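Note sheet for the following structure.
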Amino acid sequence: MFSRFTRNEFSLESRSTIGVEFATRTARVGDQVVKAQIWDTAGQERMTNYYDIDDILAEEELVRAVFQRTASGVGIFECSDDTDKVEPGTEVEMPFWLACDLLAKEAVRIIVPSCFDTKTKDEIGADAAHVDLRGRCTFFYEFGCKIARLIDDKTIGPLLLVAFRARYKEVLIKAFTAASTVAIKQLPLLTQEEMKLFEAGQSSTMAFKKWRMGGPRMQKAHVLGRTRKRKPT
Numbered sequence: 123m124f125s126r127f128t129r130n131e132f133s134l135e136s137r138s139t140i141g142v143e144f145a146t147r148t149a150r151v152g153d154q155v156v157k158a159q160i161w162d163t164a165g166q167e168r169m170t171n172y173y174d175i176d177d178i179l180a181e182e183e184l185v186r187a188v189f190q191r192t193a194s195g196v197g198i199f200e201c202s203d204d205t206d207k208v209e210p211g212t213e214v215e216m217p218f219w220l221a222c223d224l225l226a227k228e229a230v231r232i233i234v235p236s237c238f239d240t241k242t243k244d245e246i247g248a249d250a251a252h253v254d255l256r257g258r259c260t261f262f263y264e265f266g267c268k269i270a271r272l273i274d275d276k277t278i279g280p281l282l283l284v285a286f287r288a289r290y291k292e293v294l295i296k297a298f299t300a301a302s303t304v305a306i307k308q309l310p311l312l313t314q315e316e317m318k319l320f321e322a323g324q325s326s327t328m329a330f331k332k333w334r335m336g337g338p339r340m341q342k343a344h345v346l347g348r349t350r351k352r353k354p355t
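Structure representation (structure tokens):
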């Protein structure tokens, strides 16, 4: 739309960007010439996590995808021959970020990852607090939010919500009782996002204890400690 409006051009090969772009268009309105500067900021919301290491690592998760048509220049996936092509129906494993790019070109179909399969859903439904989500996917929630928009499985979103609701309280309890053996044993089951929540809970608990041990709970403000002498009348 940006190119169509400013330059009267349109290309089917154009791709979305995450940067800021602007252009100008001059139009005559009555006897006056109006020059408009138009800014394209679409995609800026994606810049929020552009340098987030967790976001980058989440997109490195491997997924299985099936090629829908012949693809050239991706022969790296096929080690069985010397061709530089992948034939339709070929199932390969690749990083999520690459699968997204190929999916946008309608070259592949992404298969539901095993970390969101029926077995995992049943275990979360039975006892979400004790499921080893980290063993299934280190970035379970982050990765789930990303892939839920790309595959034909409408149950992933509700699954993430159910899992987080059930585990949120348990994570905080572990953070407040981290000295207990049970809490320590449960830590390897936490995802990266849950570990951050756990560490935040620990930090707040330590800060609270330090505050309680550091002196009186209430102190008179410095400005209130001043006394004013009344002038003799």
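According to my numbering, the sequence shown holds residues 123 to 355 in order.
Glycine is no exception: its CB is placed at the ideal position from the N, C-alpha and C atoms.
Small disclaimer: the values here were computed from a predicted structure and weren't measured.
Neighbour-count burial assignment, residue i, 16 or more Cβ in a 10 Å radius
i              : result
threonine 242  : buried
leucine 283    : exposed
valine 253     : buried
valine 155     : exposed
aspartate 216  : The sequence shown places methionine at residue 216, not aspartate. The residue in question, methionine 216, is buried, as its Cβ has 16 or more Cβ neighbours within 10 Å.
glycine 152    : exposed
proline 210    : exposed
alanine 193    : buried
isoleucine 178 : exposed
glycine 257    : exposed
lysine 296     : buried
threonine 313  : buried
leucine 255    : buried
threonine 148  : exposed
Residue range of the beta strand (DSSP E) that includes residue i
i              : result
leucine 225    : Run containing leucine 225: none in the beta strand (DSSP E); it sits in the alpha helix (DSSP H), 218-226.
isoleucine 232 : 230-232
leucine 184    : 184-189
Helix, strand or coil at residue i [DSSP, three-state]
i              : result
valine 253     : coil
glutamate 213  : strand
valine 345     : With a pLDDT of only 47 at valine 345, under the threshold of 50, the placement of this residue in the model should not be trusted; the figure read from the coordinates follows. Valine 345 falls in the helix class under three-state DSSP.
threonine 313  : coil
lysine 276     : coil
isoleucine 327 : As written in the sequence, residue 327 is threonine, which differs from the isoleucine given in the question. Helix.
threonine 148  : strand
Nearest-angstrom Cβ-Cβ length linking residue i and residue j, presumed shorter than 8 Å
i            : j                 : result
alanine 187  : isoleucine 233    : 7 Å
alanine 288  : alanine 250       : 4 Å
valine 230   : phenylalanine 261 : So it is not a contact: roughly 21 Å between Cβ atoms.
tyrosine 263 : phenylalanine 238 : Incorrect: roughly 11 Å between the Cβ atoms, too far for contact.
Opening and closing residue of the alpha helix (DSSP H) in which residue i lies
i             : result
glycine 266   : 262-270
aspartate 177 : 175-180
beta-carbon residue i near the ligand MG non-hydrogen atom, thresh 8 Å
i                 : result
phenylalanine 238 : This structure does not include the ligand MG; it has no bound ligands of any sort.
Segment contact, 8 Å Cβ cut-off, at least three pairs: the stretch 265-277 with the stretch 216-233: Contact holds between the stretch 265-277 and the stretch 216-233, because three or more Cβ pairs, one in each stretch, are under 8 Å apart.
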